[in-house]
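Residue numbers are given in our numbering: position 115 of the sequence shown equals residue 272, and the series is strictly consecutive. Beta carbons: idealized from backbone N, C-alpha and C, even for Gly. Please read the structure below before turning to the comments.
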Amino acid sequence: MKKILLVLALVISSFAQDKYSEMQIKQMIAKMVILGFTDTKITKNSQIYKDVEFGLGGVILFDKDPNDKTKAKNIENLEQLRVLNQTLQKISDRKLLISIDQEGGRVQRLKADIGFIETLNASEISKKGESFAKDSYKAMAKGLSDVGINLNFAPVVDLAINKNNSVIYKLGRSYSKDANEVTKYASIFVDELKKEGVLATLKHFPGHGSSLADSHLGFVDISNTWSEVELEPYKYFIENNKVDLIMTAHVYNENLDKNYPATLSHNINTKLLRDKLNYQGVLITDDLQMSAISKHYDLKQTLTLAINSGVNLLLFANQLAKPISLKEIVDTTYGEVLNKNIKLENIIESNKKIDDLLKKL
Numbered sequence: 158m159k160k161i162l163l164v165l166a167l168v169i170s171s172f173a174q175d176k177y178s179e180m181q182i183k184q185m186i187a188k189m190v191i192l193g194f195t196d197t198k199i200t201k202n203s204q205i206y207k208d209v210e211f212g213l214g215g216v217i218l219f220d221k222d223p224n225d226k227t228k229a230k231n232i233e234n235l236e237q238l239r240v241l242n243q244t245l246q247k248i249s250d251r252k253l254l255i256s257i258d259q260e261g262g263r264v265q266r267l268k269a270d271i272g273f274i275e276t277l278n279a280s281e282i283s284k285k286g287e288s289f290a291k292d293s294y295k296a297m298a299k300g301l302s303d304v305g306i307n308l309n310f311a312p313v314v315d316l317a318i319n320k321n322n323s324v325i326y327k328l329g330r331s332y333s334k335d336a337n338e339v340t341k342y343a344s345i346f347v348d349e350l351k352k353e354g355v356l357a358t359l360k361h362f363p364g365h366g367s368s369l370a371d372s373h374l375g376f377v378d379i380s381n382t383w384s385e386v387e388l389e390p391y392k393y394f395i396e397n398n399k400v401d402l403i404m405t406a407h408v409y410n411e412n413l414d415k416n417y418p419a420t421l422s423h424n425i426n427t428k429l430l431r432d433k434l435n436y437q438g439v440l441i442t443d444d445l446q447m448s449a450i451s452k453h454y455d456l457k458q459t460l461t462l463a464i465n466s467g468v469n470l471l472l473f474a475n476q477l478a479k480p481i482s483l484k485e486i487v488d489t490t491y492g493e494v495l496n497k498n499i500k501l502e503n504i505i506e507s508n509k510k511i512d513d514l515l516k517k518l
């Protein structure tokens, strides 16, 4: 019986590949990419213009050029940003995902120096109460919508478990160590974003709050610190149908997967998140150029493992000296589809989930 099923799967896979042209498959792959770029205004000669025209799924915006903090990467002022985003949307033949990290506190790309209303960090928000939280997130959501941003990589639903955690606890990015408190304030955030037509992203699955290290800098092992209580916020949002996207964490937990970090783990992204928690929506990676991934896996391995794990959107923020191109991502992925290392069905399924997500905009 197993042999019959295997043969059937191979026949279906071969049929699917014959059904689509090379260009169609490459455009489906492009749709799965969120890409960072360096430009404050764009023309038809800009590479990002060509990428969006080809079928890029979305962009991520930053304020400062990481290689020269005196220069703007994408954001000079609110009017310039509004025009940039309008231009990007006009290029695309569908809704383009225009994303940003706007949590509040240390992590917010839109700041008071350009006239944006800044938001307190999660820890401070939770101390001031629900009414304050609602007002704060309402103002933020309206500000994002006004400049044409339709996807926010927030809220953080990590629990403030480890006081020595430099990337979550010490930056005040978590509402509380109590899962119910985290859920309550994150829910307010999500609700206010939704009212303004901005998609929300729960992060970082399956939990980064108990870690000691920072995945921006390297390998992070949570095997001895993580517990199932860190899944509680996700369970609530999934059960109540309040999830737009979930973002993976570049954390390793040998109790969940002995071989791969969460972002690249089929055990975590499919068996735990999809099968056990019954999440059927869009799953996006954290930035795949962060050291926790890039120092241990090359591009081909990263793309193959991520897509096969159950991820639908691939985030390349291009905050490094040498940016990666959409062409390199697409060509590498397409090569692995031809080599049968990536199932075309995964590409097709991801595109369906992305289409369903775009219907919310």
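- Using DSSP with H/G/I as helix, E/B as strand and the rest coil, what is residue 315? Stepping through the sequence shown from its first residue, residue 315 is reached at position 158. In the structure shown, residue 315 sits in coil (DSSP, three-state: anything other than H, G, I, E or B).
- If you run the structure through DSSP and keep just helix, strand and coil, what is residue 378? The sequence position of residue 378 within the sequence shown is 221, counting from 1. The answer is strand: DSSP assigns residue 378 an E or B state.
- Between the segment 506 to 513 and the segment 275 to 294, are three or more C-beta pairs nearer than 8 Å? no
- Item | Proximity winner among 410, 234 and 435, relative to residue 396 (alpha-carbon distances) | As a position in the sequence shown, residue 396 is number 239, starting the count at 1. Closest by alpha carbon: 435.
- When the Cα atoms are used, what is the spatial distance from residue 317 to residue 178? As a working note, residue 317 is residue 160 in the sequence shown. As a working note, residue 178 is residue 21 in the sequence shown. Here the alpha carbons of residue 178 and residue 317 stand approximately 48 Å from one another.
- Check whether the Cβ atoms of residue 330 and residue 313 sit closer than 7 Å, and answer yes or no. As a position in the sequence shown, residue 330 is number 173, starting the count at 1. As a position in the sequence shown, residue 313 is number 156, starting the count at 1. Yes, the pair counts as a contact, with Cβ atoms nearer than the cut-off.
- Does the separation of the CB atoms of residue 439 and residue 408 fall below 7 Å? As a working mapping, residue 439 is identified with position 282 in the sequence shown. As a working mapping, residue 408 is identified with position 251 in the sequence shown. No, the pair does not count as a contact, with Cβ atoms beyond the cut-off.
- Would you kindly check if the distance between the Cβ of residue 322 and the Cβ of residue 368 is under 7 Å? Residue mapping note: residue 368 aligns to position 211 of the sequence shown, counting from 1. Residue mapping note: residue 322 aligns to position 165 of the sequence shown, counting from 1. Yes, Cβ-Cβ distance for residue 368 and residue 322 is below 7 Å.
- Take residue 191 as the anchor and find which of 462, 274, 271 and 404 has the nearest alpha-carbon. Counting from 1 along the sequence shown, the entry for residue 191 is found at position 34. Of the candidates 462, 274, 271 and 404, the one whose C-alpha sits nearest the C-alpha of residue 191 is 404.
- Query: Is it the case that the Cβ atoms of residue 380 and residue 426 are separated by a distance below 7 Å?
  - Reply: By 1-based counting over the sequence shown, the position of residue 380 is 223. By 1-based counting over the sequence shown, the position of residue 426 is 269. Cβ distance not < 7 Å, so residue 380 and residue 426 don't count as in contact.
- Among 399, 447, 306 and 236, which one has its Cα closest to the Cα of residue 406? For the purposes of this step, residue 406 is taken as residue 249 along the sequence shown, with counting starting at 1. The shortest C-alpha separation from residue 406 is found at 447.
- Task: Would you grab the beta carbon distance between residue 230 and residue 221 for me? Rounded to a whole angstrom, and I think it's under 8 Å.
- Result: Within the sequence shown, the letter at position 73 stands for residue 230. Within the sequence shown, the letter at position 64 stands for residue 221. With 8 Å as the limit, residue 230 and residue 221 qualify as a contact, their Cβ atoms being about 6 Å apart.
- 3-residue-minimum beta strand (DSSP E) runs that sit fully inside the segment 213 to 300, ordered along the chain: 215 to 217, 225 to 229, 254 to 257 and 259 to 261
- Quick one: Cα of residue 337 to Cα of residue 235, how far? Position 180 of the sequence shown, counting from 1, holds the residue named residue 337. Position 78 of the sequence shown, counting from 1, holds the residue named residue 235. Using only the alpha carbons, I get a separation of about 36 Å.
- Among 451, 391, 210 and 462, which has the Cα closest to the Cα of residue 431? Translated into the one-based positions of the sequence shown, residue 431 becomes position 274. Residue 391 is the option with its Cα nearest to residue 431.
- Item | Any 3 or more C-beta pairs closer than 8 Å across the segment 491 to 500 and the segment 449 to 469 | yes
- Query: In terms of alpha-carbon separation, which member of 184, 286, 489 and 297 lies closest to residue 250?
  - Reply: As a first step, residue 250 must be located in the sequence shown, where it is residue number 93. Residue 250 has its Cα closest to that of 184, out of 184, 286, 489 and 297.
- Query: Helix, strand or coil: which one does DSSP assign to residue 412?
  - Reply: As a first step, residue 412 must be located in the sequence shown, where it is residue number 255. Note: residue 412 maps to coil in three-state DSSP.
- Query: Around the C-beta of residue 263, are 16 or more other C-beta atoms found within 10 angstroms, so that it is buried, or is it exposed?
  - Reply: Taking the first residue of the sequence shown as position 1, residue 263 is located at position 106. The residue is exposed, with fewer than 16 neighbouring Cβ atoms inside 10 Å.
- Determine the direct distance from the alpha carbon of residue 444 to that of residue 188, and round the result to whole angstroms. Here residue 188 corresponds to residue number 31 of the sequence shown, with the count starting at 1. Here residue 444 corresponds to residue number 287 of the sequence shown, with the count starting at 1. Rounded to the nearest angstrom, the two C-alpha atoms are 16 Å apart.
- Message: For residue 180, count the other beta carbons within 10 Å of its own beta carbon; 16 or more makes it buried, fewer makes it exposed. Which is it?
- Response: By 1-based counting over the sequence shown, the position of residue 180 is 23. When all chains shown are included, residue 180 counts as exposed.
- Query: For residue 309 versus residue 350, is the C-beta distance shorter than 7 Å?
  - Reply: Translated into positions along the sequence shown, residue 309 becomes position 152. Translated into positions along the sequence shown, residue 350 becomes position 193. Taking 7 Å as the Cβ cut-off, residue 309 and residue 350 qualify as a contacting pair.
- Item | Residue nearest to residue 270 in terms of C-alpha spacing, selected from 296, 245, 302 and 232 | Walking along the sequence shown from the start, residue 270 turns up at place 113. Per the Cα distances, 232.
- Query: With a CB to CB cut of under 8 Å and the five nearest residues on each side skipped, what residues in its chain are close to residue 518?
  - Reply: Here the question's residue 518 lines up with position 361 in the sequence shown. Same-chain partners within the cutoff: 252, 307, 354 and 356.
- Three-state secondary structure assigned by DSSP to residue 486: Along the sequence shown, read from residue 1 onward, the residue named residue 486 stands at position 329. Helix at residue 486.
- Where residue 324 and residue 243 are concerned, what is the direct C-alpha to C-alpha distance, given to the nearest angstrom? Locating residue 324 in the sequence shown gives position 167, where the first residue counts as 1. Locating residue 243 in the sequence shown gives position 86, where the first residue counts as 1. Roughly 33 Å separates the two Cα atoms.
- Bridge partner(s) assigned by DSSP for residue 405: Locating residue 405 in the sequence shown gives position 248, where the first residue counts as 1. Beta-bridge partners of residue 405 (DSSP): 362.
- What first and last residue would you give for the beta strand (DSSP E) that runs through residue 306? As a first step, residue 306 is located in the sequence shown; it is residue number 149 there, counting from the start. That residue, residue 306, is in no beta strand (DSSP E); it is neither H nor E in DSSP.
- Item | Where residue 512 falls, given that 16 or more other Cβ within 10 Å makes a residue buried | The residue given as residue 512 occupies position 355 in the sequence shown. Counting Cβ neighbours within 10 Å, residue 512 comes out exposed, since fewer than 16 surround it.
- Message: If you reduce the DSSP assignment to three classes, tell me which class residue 193 lands in.
- Response: Along the sequence shown, one-based indexing puts residue 193 at 36. Strand.
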